[in-house]
Structure formats: structure tokens, C-alpha cells
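*Asks:* Numbering (my numbering), first residue to last: 40 to 427. Glycine included, each C-beta is placed from N, C-alpha and C at the ideal position. Values in this document were obtained by computation on a predicted structure and should not be read as measured data. Here you go, one structure.
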Ligand code: CAA
């Protein structure tokens with residue numbers, strides 16, 4: 040990070056998070072990966088460091104930072120553990136719908152608890168048959184008196200088992216497509232809300248990814264985000280536009296963390312009587328990886344700055360940075376395993392975890408095929424002269 044290009048707050052955030060990542064996250068990363076347990080000690084440290092409020096406006100108890108600030112924190116956490124990176128970032132994904140579409144009263148009610156780290160939040164968009172095609176969801180919300188009754192199942196709910204709040208998207212007007220979808224803030228413990236299957240995952244194993252069952256789940260009408268039906272899908276898409284740079288930052292952190300380990304290893308490992316970093320073949324791999332990581336990081340920061348500046352047409356840049364950074368992370372972490380040779384393939388060394396953690400970044404918050412679709416649609420709109 041060239042410090043002159045960032046604000047004093049951003050540099051301080053980077054330093055604060057890096058110290059936390061090295062002293063609290065890295066020492067427990069392997070344990071939680073093996074045991075597939077949530078790192079409550081890390082959650083407590085992040086809360087005490089005041090980092091849950093980074094992206095939340097000051098008037099609701101947050102730091103009033105933007106997407107760039109969020110990305111800086113996520114990158115540093117992910118450099119030590121990709122699972123911790125997403126366990127943190129998913130709170131931004133879950134709370135953006137409130138920030139973007141909630142009423143003043145809803146923001147005052149829920150955001151301060153998230154900012155303080157007293158309540159975590161997840162994002163309930165996907166279903167078994169509605170992943171990439173999010174608009175085809177079938178979870179239903181019907182108004183009965185002054186409540187909504189929700190029925191359905193949500194899938195791939197990251198953090199759902201430990202979150203107090205869950206932003207649930209459901210159909211309020213069948214037959215109206217995307218315009219018939221609404222968003223609700225559902226609280227753990229509401230009647231009919233149940234956490235189901237915990238996925239046994241390849242990577243990001245410290246963060247629970249679960250199914251959420253809504254069985255005649257009764258939610259007060261005051262929990263309908265924005266107070267009006269039909270805006271849920273738009274808010275979900277606007278949320279993903281703002282959250283995808285966070286996944287991209289997670290990928291940059293994973294790639295950087297893997298490269299750090301590979302640099303250390305190749306400097307110590309000897310073959311043919313010399314350290315392997317003295318071989319040109321290895322040096323070129325290291326150089327390529329460092330270059331690709333920096334290029335990805337700069338695209339992430341460019342997209343984040345565009346979002347923070349209020350630039351309206353952010354879908355394309357957001358998708359581009361997610362696509363670039365996550366493909367980079369997969370390539371770099373795979374090459375780092377290669378540099379470790381047989382040791383890289385074994386769990387005695389931490390490098391294979393980076394490769395496993397990186398894979399999901401190409402899949403969640405929109406597969407990289409969806410990112411290409413979003414980019415191509417923007418390009419075609421731009422070249423046809425139609426308004427974006
Ligand atoms: N901003 C604002 N509005 C948008 C928008 C955006 N970026 N994108 C679409 N919309 C609006 C459109 O204008 C349209 O509105 P009108 O009906 O008023 O005209 C409406 O939304 C429907 O748009 P489309 O017809 O373009 O929608 P589509 O059905 O063709 O879907 C898609 C487009 C890009 C494929 C979208 O469904 C998508 O992004 N899919 C991927 C979903 C995704 O990322 N899921 C991951 C969830 S989170 C997760 O992975 C788990 C976790 O916990 C981390």
C-alpha cells in the first residue's frame with residue numbers, strides 16, 4: 040500500500056486489522072479449519088477493535104466509512120484466514136439492504152447493534168432452485184393482519200447459524216417477477232425460524248454456511264424493509280454491487296497471504312545446494328504472482344472508490360473486480376502450492392488451506408459466469424446508447 044494514496048484513517052485501519060490478524064486470527068486459523076468451528080475469540084477481538092462499524096453511517100453508530108475501508112479490513116483479515124474474512128464481510132452484505140432501503144426507524148433500530156458487534160447479520164437470497172437465477176425464488180411472504188407469514192427455505196446462508204439477524208428475500212406478489220420480491224429483517228428466535236443443515240465445506244470452514252427454514256414464520260410488518268413491498272430484488276442487486284468488491288478483497292488477501300508464505304518458503308528451501316528462490320523459473324513465478332495481485336488490488340480499490348464517490352453505474356466495475364481478483368486468487372494460491380511441492384499438498388503446511396479457501400470466491404455472491412453476464416450486459420447497453 041502506497042500510504043500517500045490513502046487517508047490516515049485507511050492506513051490506521053490497515054495497521055489495526057493487520058495486528059489483529061497476526062496476533063488473534065493466524066494462531067487459530069488451522070484449528071477452526073480442522074474442527075469447522077466458529078472463531079468466537081476472533082469475533083470478540085474484531086468487536087473490541089471497533090471494526091464492525093466500518094461501513095455503517097456515523098448517525099447509526101458506525102465509523103461512516105465506505106466500501107474501500109471495508110475492503111482494506113477484509114483483505115487484511117483474509118491474508119491470515121479467508122474464513123474469517125468472509126465471516127466479517129458477510130455482515131456488510133446482510134446490512135447493506137437496511138442501509139440502502141430501510142426506513143429511518145429501521146436503521147435506528149438495527150444498525151447500531153451491528154456496528155457495535157452486538158448482533159451479526161446474514162443474507163438470505165439463494166434457494167435450492169434459485170442460485171444464479173435469484174429472481175426465481177419461491178419463498179413466500181403473505182400479509183396477515185399486521186404480520187407477514189413466511190414459508191420457504193433459504194440456501195447458502197453464510198454466517199446464518201451465528202447471526203442474530205437475517206435479511207430474507209421473499210415473494211410478496213407472485214407473478215410479478217423481480218417486482219414481486221420484498222426484503223424482511225428476520226430475527227433469530229422469531230416463531231417458525233429455524234437453522235437447518237450445516238454444509239461440510241472444502242474451504243472457509245470456520246464460518247457456518249447453513250440452510251434456513253421458514254415454517255409459518257411470523258414477522259411483524261414493521262420488519263418489511265423500506266415499509267413497502269416489491270423493492271427487495273432491486274435492493275438485493277444494489278447490495279451485491281456494493282458487496283462484491285468485499286469478496287474481491289477477500290480474494291486479494293488470500294492471494295497475498297499465500298504469496299507471503301511462498302516467499303518465505305522459497306527463501307529457505309534448498310535443492311541442488313541453493314535456495315529455490317535463486318532459480319529463475321521460481322523468480323518468474325513470484326514476479327508474475329506479485330504483479331497479478333497488485334493489478335487485482337488496484338481494480339478492487341478503483342471499483343470501491345467509484346462506489347464511495349457516488350458514481351451510479353457501478354455494476355460493471357464491481358463485477359470486473361470480483362472476476363479479476365477471484366480468478367487471480369485461484370491461480371496464485373494454486374501456484375503457491377506448486378512452489379511448496381509435495382509439502383504444499385499436505386496439511387502440515389498452511390498453504391493448501393489458501394487454495395481451498397480461494398475456490399469459493401469464484402462461486403459465491405454471483406459466480407464468475409454471472410459477473411461476465413453483468414459486464415457484458417453493461418457493455419451492450421453502453422454501446423447501444425441505451426441509458427444504463
Ligand atoms: N441495480 C439495481 N437494479 C437492478 C440491478 C442492479 N445492479 N440489476 C438488476 N436490477 C433490476 C432491473 O432493473 C430489473 O428491474 P425492473 O423489473 O424494474 O425493470 C430487475 O432488477 C430485474 O433485472 P434483470 O431482468 O436484469 O434480472 P435477471 O433475472 O435477468 O437476473 C442476474 C440478473 C444478474 C443474473 C441476477 O439474478 C444475479 O445477480 N444473480 C446472481 C445472484 C447472486 O449473486 N447470488 C449470491 C447470493 S449471496 C451468496 O452467495 C451467499 C452468501 O451468503 C455469501
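Where does residue 69 land, buried or exposed, given buried means 16+ other C-beta within 10 angstroms?
*Replies:* Working through the chain shown from its first residue, we reach residue 69 at position 30. Looking at its Cβ environment, which holds fewer than 16 other Cβ atoms inside 10 Å, residue 69 is exposed.
*Asks:* For residue 86, collect the residues of the same chain with a Cβ closer than 6 angstroms to its Cβ; drop the 5 residues on either side in sequence, then sort them by chain order.
*Replies:* As a first step, residue 86 must be located in the chain shown, where it is residue number 47. Around residue 86: 156.
*Asks:* Which partner residues does residue 196 have in the DSSP bridge list?
*Replies:* Along the chain shown, read from residue 1 onward, the residue named residue 196 stands at position 157. Among the bridge pairs identified by DSSP, residue 196 is matched with 249.
*Asks:* Output yes or no for whether 7 angstroms exceeds the beta carbon distance between residue 78 and residue 93.
*Replies:* Stepping through the chain shown from its first residue, residue 78 is reached at position 39. Stepping through the chain shown from its first residue, residue 93 is reached at position 54. No. Outside cutoff.
*Asks:* Helix, strand or coil for residue 269? Go by DSSP, reduced to three states.
*Replies:* Within the chain shown, residue 269 is the residue found at index 230, counting from 1. Residue 269: coil per DSSP, three-state reduction.
*Asks:* Measuring from the CB of residue 109, is there a heavy atom of the ligand CAA at a distance below 6 angstroms?
*Replies:* Position 70 of the chain shown, counting from 1, holds the residue named residue 109. No.
*Asks:* Let me make sure I understand the geometry here. Which of 225, 154 and 408 has the alpha-carbon closest to that of residue 103?
*Replies:* What you label residue 103 is simply residue 64 of the chain shown in a count that begins at 1. The option with the nearest alpha carbon to residue 103 is 154.
*Asks:* Which same chain residues, not among the five before or five after residue 392, have their C-beta less than 6 angstroms away from its C-beta?
*Replies:* One-based indexing of the chain shown puts residue 392 at position 353. Within the same chain, residue 392 has close Cβ partners 72.
*Asks:* Kindly give me the distance between the Cβ atoms of residue 211 and residue 180, rounded to whole angstroms, as I take these residues to be in contact under 8 angstroms.
*Replies:* Taking the chain shown and counting its residues from 1, one reaches residue 211 at position 172. Taking the chain shown and counting its residues from 1, one reaches residue 180 at position 141. Going by Cβ atoms, the distance from residue 211 to residue 180 rounds to 5 angstroms, so yes, they are a contact pair.
*Asks:* I'd like the list of long-range same chain contacts for residue 201, defined as Cβ closer than 7 angstroms, with 5 residues on each side in sequence excluded.
*Replies:* Residue mapping note: residue 201 aligns to position 162 of the chain shown, counting from 1. 77, 159 and 247.
*Asks:* Between 371, 355, 61 and 40, which lies nearest to residue 279 when the distance is taken from Cα to Cα?
*Replies:* The count along the chain shown starts at 1 and reaches residue 279 at position 240. Nearest of 371, 355, 61 and 40 to residue 279, Cα basis: 355.
*Asks:* Pick helix, strand or coil for residue 339, following the three-state DSSP scheme.
*Replies:* Stepping through the chain shown from its first residue, residue 339 is reached at position 300. Reduced to three states, the DSSP call for residue 339 is helix.
*Asks:* Would you tell me roughly how many angstroms separate the C-alpha atoms of residue 204 and residue 217, rounded to the nearest one?
*Replies:* Taking the chain shown and counting its residues from 1, one reaches residue 204 at position 165. Taking the chain shown and counting its residues from 1, one reaches residue 217 at position 178. One C-alpha to the other measures close to 23 angstroms.
*Asks:* For residue 222, report the span of its beta strand (DSSP E) as first-last.
*Replies:* The residue you call residue 222 lines up with position 183 of the chain shown. Start and end: 220-226.
*Asks:* With respect to the beta strand (DSSP E) encompassing residue 112, which residues constitute its N-terminal and C-terminal limits?
*Replies:* By one-based count along the chain shown, residue 112 stands at place 73. Run containing residue 112: none in the beta strand (DSSP E); it sits in the alpha helix (DSSP H), 106-119.
*Asks:* Assuming residue 393 is part of the alpha helix (DSSP H), what are its boundary residues?
*Replies:* As a position in the chain shown, residue 393 is number 354, starting the count at 1. Element bounds for residue 393: 390-398.
*Asks:* Comparing alpha-carbon positions, which option in 120, 149 and 109 lies nearest residue 131?
*Replies:* To locate residue 131, count along the chain shown from 1; it is residue 92. That would be 109, whose Cα lies nearest to the Cα of residue 131.
*Asks:* Rounding to the nearest angstrom, what Cα-Cα distance links residue 256 and residue 149 in this structure?
*Replies:* Here residue 256 corresponds to residue number 217 of the chain shown, with the count starting at 1. Here residue 149 corresponds to residue number 110 of the chain shown, with the count starting at 1. Their backbone Cα atoms lie some 20 angstroms apart in a straight line.
*Asks:* At what residue ranges does the region 296-334 contain a whole run of the beta strand (DSSP E), taking only runs of 3 or more?
*Replies:* Listed in chain order, the beta strand (DSSP E) runs fully inside the region 296-334 amount to none, counting runs of at least 3 residues.
*Asks:* Which runs of the beta strand (DSSP E) spanning at least 3 residues fall entirely within the region 149-174, listed in chain order?
*Replies:* 160-163
*Asks:* Would you give the residue range spanned by the alpha helix (DSSP H) that residue 70 belongs to?
*Replies:* In the chain shown, residue 70 corresponds to position 31, counting from 1. 65-74 is the span of the alpha helix (DSSP H), which, as asked, contains residue 70.
*Asks:* Check this for me: beta carbons of residue 287 and residue 361, under 7 angstroms apart or not?
*Replies:* Start at 1 with the first residue of the chain shown, and residue 287 comes out as number 248. Start at 1 with the first residue of the chain shown, and residue 361 comes out as number 322. Cβ distance < 7 angstroms, so residue 287 and residue 361 count as in contact.
*Asks:* If you draw a straight line from the alpha carbon of residue 335 to that of residue 184, how long is it in whole angstroms?
*Replies:* Within the chain shown, residue 335 is the residue found at index 296, counting from 1. Within the chain shown, residue 184 is the residue found at index 145, counting from 1. The alpha-carbon atoms of residue 335 and residue 184 are separated by roughly 50 angstroms.
*Asks:* With a Cβ-Cβ cutoff of 7 angstroms, do residue 84 and residue 63 count as a contact?
*Replies:* The count along the chain shown starts at 1 and reaches residue 84 at position 45. The count along the chain shown starts at 1 and reaches residue 63 at position 24. Contact: yes.
*Asks:* State the CB to CB distance for the pair residue 53 and residue 115, rounded to an integer number of angstroms; the pair is presumed to be in contact (CB under 8 angstroms).
*Replies:* In the chain shown, counting from the first residue as 1, residue 53 sits at position 14. In the chain shown, counting from the first residue as 1, residue 115 sits at position 76. The Cβ separation is near 6 angstroms, so the contact holds.
*Asks:* Helix, strand or coil for residue 254? Go by DSSP, reduced to three states.
*Replies:* Looking up residue 254 in the chain shown gives position 215. Strand, per DSSP.
*Asks:* Please report the distance separating the alpha-carbon of residue 231 from that of residue 411.
*Replies:* Walking along the chain shown from the start, residue 231 turns up at place 192. Walking along the chain shown from the start, residue 411 turns up at place 372. Distance between the alpha carbons of residue 231 and residue 411 is about 38 angstroms.
*Asks:* Is any heavy atom of the ligand CAA found at a distance shorter than 6 angstroms from the C-beta of residue 208?
*Replies:* Along the chain shown, one-based indexing puts residue 208 at 169. Placement of the Cβ of residue 208 at a distance of 6 angstroms or more from every heavy atom of the ligand CAA is found.
*Asks:* Looking only at its chain, what residues have a beta carbon closer than 6 angstroms to the beta carbon of residue 301, apart from the 5 residues adjacent to it on each side?
*Replies:* Residue numbering aside, residue 301 sits at position 262 when the chain shown is read from its first letter. 375 and 378, listed in sequence order.
*Asks:* Under the three-state reduction of DSSP, which class applies to residue 233: helix, strand or coil?
*Replies:* As a position in the chain shown, residue 233 is number 194, starting the count at 1. The three-state reading of DSSP puts residue 233 in strand, counting E and B together.
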